[in-house]
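A.B. asks: Please see the structure below; I have some questions.
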Amino acid sequence: MSWPGSACSPTPTPPCRARSTSRRPTPRRRARAGCWRPRPRPEDGTVFGRTRPGHAIVLDGDRAEDCARLHATGFPHPWDALDFERLIGAESCFGHALVETRDPRRMQGFILSRRAADEAEVLTIVVDPSNRRQGVAGRLMRANMEALLRHGVKSWFLEVGDTNAAARRLYAGLGFTEVGRRQGYYRVAGGTPATALILRRTIG
């Protein structure tokens, strides 16, 4: 019986029973044994197989068709490109998108809010299906909130379906609290209309 890495063959000893408290080999131990290599950093814009978050930009009218296509992936009654062109061009509206750093033409998601005096409301927010659960919505909300704050907005409102648990967790984490309800506000295909929760957050 020879030992790995040794040039001699010591006298064999009876095998001992493995202890239940034995530890798993750490990367350092595996490296010493020559059987571990550090995982290279990806260079294709992914982290553990997922797209890296891009950077936030201000929406302009050239993105209207992209907004319409993306909106159709998240809503049963989506707005068209003309709707978005009018909203994006309105002085009272604030829109932001998150685009991929390596390909700015591709939007990961976008948000539109409308201001009235020192209050604003989220008109819509949608994230590309391939980029959901990656923090995109939270980054969009923060970029939009910073712009609203710079323009004197003090209270920010939005509506969310009472059955949308993921969105409710997101908004609660961003400091929104419930201030009202609209019974049967959202139409649900083949089901009972969902209640809209009116949420509010102070930002100024």
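For the sequence shown, the positions run 1 to 204 when UniProt numbering is used. From the three backbone atoms N, C-alpha and C, an ideal C-beta is built for every residue, glycine too.
Are the region 92-104 and the region 57-75 touching by the rule of at least three beta carbon pairs closer than 8 angstroms?
C.D. replies: Yes, they touch.
A.B. asks: Taking the C-alpha atoms as reference points, what is the distance between residue 207 and M141?
C.D. replies: In the structure as shown, the chain starts at 1 and stops at 204, and residue 207 therefore has no counterpart that could be examined.
A.B. asks: Grab the span of the alpha helix (DSSP H) containing L148 for me, first residue to last.
C.D. replies: Looking up residue 148 in the sequence shown gives position 148. Counting along the chain, the alpha helix (DSSP H) containing L148 begins and ends at 136-150.
A.B. asks: Which whole-angstrom value describes the C-beta separation of A117 and R63, a residue pair presumed to lie in contact below a C-beta threshold of 8 angstroms?
C.D. replies: As a position in the sequence shown, residue 117 is number 117, starting the count at 1. As a position in the sequence shown, residue 63 is number 63, starting the count at 1. 27 angstroms between Cβ atoms; not a contact.
A.B. asks: At a cut of 8 angstroms, does the region 135-151 reach the region 76-91 through at least three beta carbon pairs?
C.D. replies: Short answer: they don't touch.
A.B. asks: Considering A167, what are the terminal residues of the alpha helix (DSSP H) in which it resides?
C.D. replies: Stepping through the sequence shown from its first residue, residue 167 is reached at position 167. Where A167 is concerned, the enclosing alpha helix (DSSP H) stretches over 165-173.
A.B. asks: Answer with buried or exposed for P193, where buried requires no fewer than 16 other C-beta atoms within 10 angstroms of its C-beta.
C.D. replies: As a position in the sequence shown, residue 193 is number 193, starting the count at 1. So P193 counts as exposed.
A.B. asks: Can you list, in chain order, the residues of its chain with a C-beta nearer than 6 angstroms to that of I111? Leave out the 5 residues immediately preceding and following it.
C.D. replies: One-based indexing of the sequence shown puts residue 111 at position 111. Closer than 6 angstroms at the Cβ level, and outside the excluded window around I111, lie H96, I125, L140, N144.
A.B. asks: Quick one: give me the first and last residue of the beta strand (DSSP E) that G89 is part of.
C.D. replies: Your numbering for residue 89 matches position 89 in the sequence shown. Note, G89: premise wrong, no beta strand (DSSP E); alpha helix (DSSP H) at 81-89.
A.B. asks: Do you know whose CA, among A81, A172, P129, S92, lies nearest Q108's CA?
C.D. replies: Locating residue 108 in the sequence shown gives position 108, counting from the first residue. Comparing Cα positions, the closest option is P129.
A.B. asks: Could you check whether G135 and L174 sit closer than 8 angstroms to each other, using their CB atoms as the reference points?
C.D. replies: To locate residue 174, count along the sequence shown from 1; it is residue 174. To locate residue 135, count along the sequence shown from 1; it is residue 135. Going by C-beta atoms, L174 is not nearer than 8 angstroms to G135.
A.B. asks: So, helix, strand or coil for S92, using DSSP?
C.D. replies: Taking the first residue of the sequence shown as 1, we reach residue 92 at position 92. Three-state result, S92: coil.
A.B. asks: Would you check if the distance between the CB atom of R200 and the CB atom of W156 is smaller than 8 angstroms?
C.D. replies: By one-based count along the sequence shown, residue 200 stands at place 200. By one-based count along the sequence shown, residue 156 stands at place 156. Result yes, Cβ atoms of R200 and W156 sit closer than 8 angstroms.
A.B. asks: Excluding the 5 residues preceding and the 5 following P42 in the sequence, name in chain order all residues of the same chain whose CB lies nearer than 8 angstroms to its CB.
C.D. replies: As a working mapping, residue 42 is identified with position 42 in the sequence shown. Any answer about P42 is weak, because its pLDDT of 36 lies below 50 and its placement is not dependable; what the coordinates show is given next. Closer than 8 angstroms at the Cβ level, and outside the excluded window around P42, lies no residue.
A.B. asks: Is the beta carbon of R181 less than 8 angstroms from the beta carbon of L197?
C.D. replies: The residue you call residue 181 lines up with position 181 of the sequence shown. The residue you call residue 197 lines up with position 197 of the sequence shown. Yes, they are a contact pair.
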